[in-house]
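Q:
Chains as they are written, first to last, in our numbering: chain A, 1 to 316; chain B, 1001 to 1316.
What follows is the structure, given as structure tokens:
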């Protein structure tokens, strides 16, 4: 019944970090790592690897930088087959700061890139591959970038990169399942010897449905987060994905405990999920930043005004 | 771009009534009717038509009974092209209490039925059709009833009923888009001269995605509720559906105002939406009644125990 090739990547701490400046404390991150490990999830992405010359550790939490020593404090003493992943953005990491994989607790480095930056992304990913890491390129905001440039980027990635997985990323939560089908098929056609992955956003409550759609069309690397935490509306809820996949290696129960004990209290402190301004941004195919700003203002529930402001001006 | 045949039915008050004993006050229901009318929604389902001999008006609000005079108090003085619908359950209405359509503010009567009760449903629907109403049969809990009996029921409905629309109802929020595709195609093949409709439940955040799937496979009658209100996890959010459909007759703005002004405050008083025990019931293909009971108990956040109780005993 299940597809053995499917790998699930939990990015709770990484994408969730986008709503709290990556400032989860070590106790919390260990709880997450333990539950993710017990649940049999293949990868856990713990944060971004950013240069401390570009971002100040005074302003951001540990998981904006993901020092190897900090990661070891999380994983030490916890029995786990879960591999650790970190994300890097084009232009925000000093390559020489990254040790060879053999000396690091990190197994996978995912390079987030817009279509236009694909040359840089390939260069970076190949650098990390040469250092022994599994690598991916995650094409962000793909709903805004479906022209011929996308095909060109995919061809380049296929021919020039050493990555293991090419990810389609619906950063704006704007894709419907027909678009997901089209994009996955398009990538599948060009990307010959690498896996395809999908990372959804939940602005229109479609992250899980779109992930299923991606599975149907042969994406094998799937992202989820505990209780759907993540920027703006958040991501595909990991618990739903585990409930759907039939692979007996997964166990939903540690995730359920984690939600009961950690995420229900956390949700009272920081906000994500189905919130109308994010839905509006999704249906308009726009970055959620204006909606995120609205949610911090006194007009947080003035949906019509927000809708009309996007209609009239756009966000870009 | 859009499909002219598509009709949207708002069942905010009817399905939402399942979480508050149908006890919305007249002011609130008028606000909803006004917004639904301004938004250009085709139908608004206002409640159930139940016999007062079976249910006491002391225990339930107005919308458990939907007296014509009460409906008129809602619609009077509001400019509207929206037709009024009511739902009836097999065996819970006295047919002779229902006036001819020409003397009623109601345009459509929807008969909710399990597969096993289809003979009774056809009898009732034909009775209402003869009285001049548009009619539908809504096959509930279809995720539990996909055997040959379903085909038999569909054949009977096709041959013996006078209904306008046959609805597929995912009462348990258990369908994935592949199942929706299969069920809609199966119904479409048997039901020749009637429209197909879809009513989703949101236990696994799939109500909207499944509704899109139904549209893709030619369902033309689509249910939604404002802010997704409805039993347990609720329904397909009407605002997302309107955002997706391209028909220029729809206007999302009155719905946005309604959510800001009425549904954000209401949500603080009564509960619906993405809540883990409902997700568990959905993935287990079970009625949400045990999950609803859990949410009223002191163990409302004990998800693992709830999951294991269903695993070990089932709910039926």
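Cβ atoms here follow ideal geometry from the backbone N, Cα and C, with glycine treated the same way.
Only counting the same chain, and skipping five residues up and downstream in sequence, which positions put a Cβ closer than 7 angstroms to that of residue 1190(B)?
A: Translated into the one-based positions of the second chain, residue 1190(B) becomes position 190. For residue 1190(B), where only same-chain residues beyond five positions count, the Cβ hits under 7 angstroms are 1151, 1154, 1155 and 1158.
Q: Opposite residue 278(A) in the DSSP bridges: which residues?
A: Taking the first residue of the first chain as position 1, residue 278(A) is located at position 278. Beta-bridge pairing links residue 278(A) to no other residue.
Q: When the Cα atoms are used, what is the spatial distance from residue 1227(B) to residue 1263(B)?
A: Taking the second chain and counting its residues from 1, the one referred to as residue 1227(B) is at position 227. Taking the second chain and counting its residues from 1, the one referred to as residue 1263(B) is at position 263. Cα to Cα, residue 1227(B) sits roughly 7 angstroms from residue 1263(B).
Q: Consult DSSP for residue 1377(B) and reduce its assignment to one of helix, strand or coil.
A: Because residue 1377(B) is not part of the residues shown, which for chain B are 1001 to 1316, the question remains open.
Q: For the stretch 177-197 of chain A and the stretch 1195-1204 of chain B, state whether three or more C-beta atom pairs, one from each stretch, are separated by less than 8 angstroms.
A: The stretch 177-197 of chain A vs the stretch 1195-1204 of chain B: no contact.
Q: Interface residues of chain A around residue 1317(B) at Cβ under 8 angstroms?
A: There is no way to answer for residue 1317(B), as the model of chain B reaches only from 1001 to 1316.
Q: For residue 1226(B), name the three-state secondary structure that DSSP assigns.
A: Start at 1 with the first residue of the second chain, and residue 1226(B) comes out as number 226. Residue state, collapsed to three classes: helix.
Q: Please go through the stretch 23-105 of chain A and give each complete alpha helix (DSSP H) segment of 4 or more residues, from N-terminal end onward.
A: 26-38 and 68-75
Q: Counting only the same chain and skipping the five closest in sequence on each side, list residues whose C-beta sits under 7 angstroms from that of residue 251(A).
A: Taking the first chain and counting its residues from 1, the one referred to as residue 251(A) is at position 251. Here the set comprises 38, 39 and 40.
Q: Indicate the three-state DSSP secondary structure (helix, strand or coil) for residue 1315(B) in the structure shown.
A: Counting from 1 along the second chain, the entry for residue 1315(B) is found at position 315. A caution first: residue 1315(B) carries a pLDDT of 48, below 50, which makes its placement in the model too unreliable to give a value.
Q: Could you have a look at residue 291(A) and say whether DSSP puts it in helix, strand or coil?
A: Here the question's residue 291(A) lines up with position 291 in the first chain. Here residue 291(A) sits in helix by DSSP.
Q: Sort out for me which residues DSSP pairs residue 1113(B) with in a bridge.
A: One-based indexing of the second chain puts residue 1113(B) at position 113. Looking at the DSSP assignment, residue 1113(B) forms a beta bridge with 1139(B).
Q: For residue 1063(B) versus residue 1024(B), is the C-beta spacing smaller than 9 angstroms?
A: As a working mapping, residue 1063(B) is identified with position 63 in the second chain. As a working mapping, residue 1024(B) is identified with position 24 in the second chain. It is a contact, given that the beta carbons lie within the stated cut-off.
Q: In chain order, what residues of the same chain have a beta carbon less than 6 angstroms from the beta carbon of residue 112(A), not counting five sequence neighbours either side?
A: Position 112 of the first chain holds residue 112(A). So the list reads 87, 89, 138 and 140, once near-sequence residues are dropped.
Q: Relative to chain A, which residues along the stretch 1279-1310 of chain B have a C-beta separation below 7 angstroms, given in chain order?
A: Taking 7 angstroms as the Cβ-Cβ cut-off against chain A, the residues of the stretch 1279-1310 of chain B that qualify are 1279, 1283, 1301, 1302, 1303, 1304 and 1307.
Q: Return the chain-ordered list of same chain residues with a C-beta closer than 7 angstroms to the C-beta of residue 177(A), the five sequence neighbours on each side being excluded.
A: Taking the first chain and counting its residues from 1, one reaches residue 177(A) at position 177. Around residue 177(A): 209, 210 and 213.
Q: Output the boundary residues of the alpha helix (DSSP H) element that contains residue 1128(B).
A: Taking the first residue of the second chain as position 1, residue 1128(B) is located at position 128. That run of the alpha helix (DSSP H) goes 1118-1130.
Q: Answer with yes or no whether the minimum CB distance from residue 1257(B) to chain A is below 9 angstroms.
A: Walking along the second chain from the start, residue 1257(B) turns up at place 257. At least one chain A Cβ lies under 9 angstroms of residue 1257(B).
Q: Answer yes or no: does any C-beta atom of chain B fall closer than 9 angstroms to that of residue 54(A)?
A: Taking the first chain and counting its residues from 1, one reaches residue 54(A) at position 54. For residue 54(A), the answer is no, since every Cβ of chain B falls outside 9 angstroms of its Cβ.
Q: Candidates 1067(B), 1004(B) and 1160(B): which alpha carbon is nearest residue 1050(B)'s?
A: Numbered from its first residue, the second chain carries residue 1050(B) at position 50. The shortest C-alpha separation from residue 1050(B) is found at 1067(B).
Q: Measure how close the beta-carbons of residue 1123(B) and residue 1085(B) come, nearest whole angstrom, since I'm counting them as under 8 angstroms.
A: Taking the second chain and counting its residues from 1, one reaches residue 1123(B) at position 123. Taking the second chain and counting its residues from 1, one reaches residue 1085(B) at position 85. Contact flag wrong, Cβ pair sits at about 20 angstroms.
Q: Does the stretch 54-63 of chain A come close enough to the stretch 272-279 of chain A that 3 or more CB-CB pairs lie under 8 angstroms?
A: no
Q: If you measure beta-carbon to beta-carbon, which residues of the stretch 1242-1254 of chain B are closer than 8 angstroms to chain A?
A: 1243, 1244, 1252 and 1253
Q: Counting along the chain, where does the beta strand (DSSP E) carrying residue 1007(B) start and finish?
A: Start at 1 with the first residue of the second chain, and residue 1007(B) comes out as number 7. Taken as a continuous stretch (DSSP letters only), the beta strand (DSSP E) holding residue 1007(B) covers 1007-1010.
Q: Sorted by chain position, which residues of the same chain lie with C-beta nearer than 8 angstroms to residue 185(A)'s C-beta, five sequence neighbours on each side aside?
A: Locating residue 185(A) in the first chain gives position 185, counting from the first residue. Result list for residue 185(A): 217, in chain order.
Q: Taking the alpha-carbon of residue 1005(B) as reference, which of 1219(B), 1258(B) and 1229(B) has the nearest alpha-carbon?
A: Along the second chain, one-based indexing puts residue 1005(B) at 5. Here the closest residue by C-alpha is 1219(B).
Q: Of all Cβ atoms in chain B, is any one closer than 9 angstroms to the Cβ of residue 2(A)?
A: Translated into the one-based positions of the first chain, residue 2(A) becomes position 2. Not closer than 9 angstroms to any Cβ of chain B, the Cβ of residue 2(A) fails to qualify, so no.
Q: Determine the chain C residues that contact residue 1206(B) at a beta-carbon separation under 7 angstroms, and present them in chain order.
A: Here the protein chains are A and B, and chain C is not one of them.
Q: For the stretch 1210-1225 of chain B, which residues have a CB atom closer than 9 angstroms to at least one CB atom of chain A, in sequence order?
A: Listed by position, the residues of the stretch 1210-1225 of chain B near chain A (Cβ gap below 9 angstroms) are 1210, 1212, 1213 and 1216.
Q: With 9 angstroms as the threshold, decide whether the Cβ of residue 1312(B) is near any Cβ in chain A.
A: Counted from its first residue, the second chain places residue 1312(B) at position 312. Not an interface residue.
Q: Along the stretch 1150-1183 of chain B, what residues have a CB closer than 8 angstroms to any CB found in chain A?
A: So the close ones are 1176, 1177 and 1178.
Q: List in chain order: all unbroken beta strand (DSSP E) runs of 3+ residues lying wholly within the stretch 1152-1195 of chain B.
A: 1165-1169
Q: Could you tell me whether the Cβ of residue 315(A) comes closer than 9 angstroms to any Cβ of chain B?
A: Counting from one through the first chain, the residue named residue 315(A) turns up at place 315. Because residue 315(A) carries a pLDDT of 48, less than 50, the predicted location of this residue cannot be relied on, and no value is offered for it.
Q: In chain B, which residues lie less than 9 angstroms from residue 273(A) when you measure between Cβ atoms?
A: Position 273 of the first chain holds residue 273(A). Result: 1273 and 1274.
Q: Using the DSSP secondary-structure output, state which residues sit across from residue 1237(B) in a beta bridge.
A: Position 237 of the second chain, counting from 1, holds the residue named residue 1237(B). 1225(B), per the DSSP bridge assignment.
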